[in-house]
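Student: Heads up, the sequence shown is in this note's numbering, so the first residue is 40 and it goes up one at a time.
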Amino acid sequence: MSPRELVVLGTASQVPTKQRNHNGYLLRWGEEGILFDPGEGTQRQMTFAGVSVTDITRIAVTHFHGDHCLGLPGVIQRINLDKVAHPVDVYYPASGQQYFDRLSSATVFHRTVELRTHPIASSGAVVAPNAPFALEAVALSHPVESFGYRLTEPDGHRILPDRLAELGLRGPAVGALQRAGRIEFDGRTITLAEISEPRPGQSVAFVMDTRLCPGVLALASGVDMLVIEATFLDADIRLAEEYGHLTAGQAARAAAEAGVRTLVLTHFSQRYRDLEDHRAEAARHFTGEIVIATDLARIPLPQRR
């Protein structure tokens, strides 16, 4: 199975720095690749990260501030230039339709790939009903309409080889049992529960520009990985509130309350050259794994519970 990991393409907020490109995050999930918030320079960052546009199956934009979407024209045109062999689904706030239209048609190019658009008009909508996971969009609190995204894998079962051997099950009978949930075998009924154990689905939440609001906790509740903005430190909390952002302390407190396993902080203001204060501030409130995202980092999802 392909690895499940977050490839970080950029970690800056409004102003990029020498060390931090504008936003961009590719979540690898088996055969799926979901590109979140491609900011300016994303296409070049993908080259440095060893990511191809053929890896992208979906693009999810939280809102239409430039640091979260100005990379769209280049990514879309590269998808078409490389003649990606599959359609690409794009999710974004419906209120920003005019901006999406401008960005996706910013210059002349030859269209070769189907771009399937899914404007989001309501909070709590499951926006990818045919995906191998549930992709939910939840409204956040920012000066412009903004949505966070939550990806949740359905729970499943893990087959136990020793139980199969005890019962003499093998080959097509195992597949039939997995499909039907029960089969008649050797004069008795065998259920899936007898030869397996529950396998909890994995989950990831992506929370960008927002103040603290109910949507943050709704998205983060119980997830294996929370990727969340930490634009400011608590010392600058008034700026965070004014501009619709979170501090590292606020993000960590929300993660602790929501029962998050791995906390990934990103979207840092250019005023902070060193980010150890972000880590220290988060660690005062969150005792799980804390990752300070850096450009081009690869962050694996934690092992299943």
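Glycine included, every Cβ here is placed at the ideal spot set by N, Cα and C.
Are the stretch 158-173 and the stretch 220-232 touching by the rule of at least three beta carbon pairs closer than 8 Å?
Tutor: no
Student: Residue 141 lies in the alpha helix (DSSP H); which residues open and close that run?
Tutor: Where residue 141 is concerned, the enclosing alpha helix (DSSP H) stretches over 136-143.
Student: For residue 224, list the residues DSSP reports as bridge partners.
Tutor: 227
Student: In the DSSP output, which residue or residues are listed as bridge partners for residue 245?
Tutor: 188, 266
Student: Below 8 Å on the Cβ atoms is my guess for residue 101 versus residue 309; work out the distance and round it to an integer in Å.
Tutor: The pair is not a contact, with the Cβ atoms about 20 Å apart (cut-off 8 Å).
Student: May I ask you to report which of helix, strand or coil DSSP gives residue 167?
Tutor: coil
Student: Report yes if the CB atom of residue 111 is closer than 7 Å to the CB atom of residue 74, and no otherwise.
Tutor: no
Student: Kindly provide the ranges of any alpha helix (DSSP H) runs that are 4 or more residues long and lie completely inside the stretch 283-319, ordered along the chain.
Tutor: 287-297
Student: Keeping to the same chain, check which residues put their C-beta closer than 8 Å to that of residue 80; ignore five residues upstream and five downstream.
Tutor: 49, 55, 60, 61, 63, 110
Student: Is DSSP giving residue 114 helix, strand or coil here?
Tutor: The answer is helix: DSSP assigns residue 114 an H, G or I state.
Student: Out of 325, 313, 305, 94, which has the shortest C-alpha to C-alpha gap to residue 47?
Tutor: 305
Student: Can you tell which of 246, 115, 271 has its C-alpha closest to the C-alpha of residue 29?
Tutor: Here the chain comprises residues numbered 40 to 344, so residue 29 is not present and cannot be evaluated.
Student: If we ignore side chains and look at the alpha-carbon of each, how far apart do residue 267 and residue 158 end up?
Tutor: 22 Å
Student: Have a look at 127, 257, 146, 93 and flag the residue whose alpha-carbon is nearest the alpha-carbon of residue 113.
Tutor: Comparing Cα-Cα distances from residue 113 to each of 127, 257, 146, 93, the minimum goes to 146.
Student: Classify residue 211 as helix, strand or coil using the three-state DSSP reduction.
Tutor: helix
Student: Residue 58 to residue 68, Cα distance in whole Å?
Tutor: 27 Å
Student: Going straight from the alpha carbon of residue 53 to that of residue 311, what length do you get?
Tutor: 13 Å
Student: When DSSP labels each residue in this structure, what does residue 69 get in the three-state scheme?
Tutor: coil
Student: Which word fits residue 70, buried or exposed, when buried means at least 16 other C-beta atoms lie within 10 angstroms of its C-beta?
Tutor: exposed
Student: Among all the DSSP beta bridges, which residues are the ones paired with residue 174?
Tutor: 190
Student: Can you name, in chain order, every residue of its own chain whose Cβ lies under 7 Å from the Cβ of residue 125, other than the five neighbours on each side?
Tutor: 96
Student: Determine the extent of the beta strand (DSSP E) in which residue 205 is found, giving its start and end residues.
Tutor: Here residue 205 belongs to no beta strand (DSSP E); instead the alpha helix (DSSP H) covers 200-206.
Student: Going by DSSP, what residue range makes up the alpha helix (DSSP H) through residue 255?
Tutor: 253-259 is the extent of the alpha helix (DSSP H) around residue 255.
Student: Which residues in the same chain as residue 152 place their Cβ atom closer than 6 Å to its Cβ, once the five residues preceding and following it in sequence are excluded?
Tutor: 118, 119, 123
Student: Taking its Cβ as the centre, do 16 or more other Cβ atoms sit within 10 Å of residue 40, making it buried, or is it exposed?
Tutor: With a pLDDT of only 46 at residue 40, under 50, the local geometry of the prediction cannot be trusted, and the value read off the model is given with reservation. Its Cβ having fewer than 16 others within 10 Å, residue 40 is exposed.
Student: Under a three-way DSSP split, which group does residue 107 fall into?
Tutor: DSSP places residue 107 in helix when its eight states are reduced to three.
Student: Can you tell me whether residue 50 is helix, strand or coil according to DSSP?
Tutor: coil
Student: Nearest to residue 244 by alpha carbon, out of 156, 262, 320?
Tutor: 262
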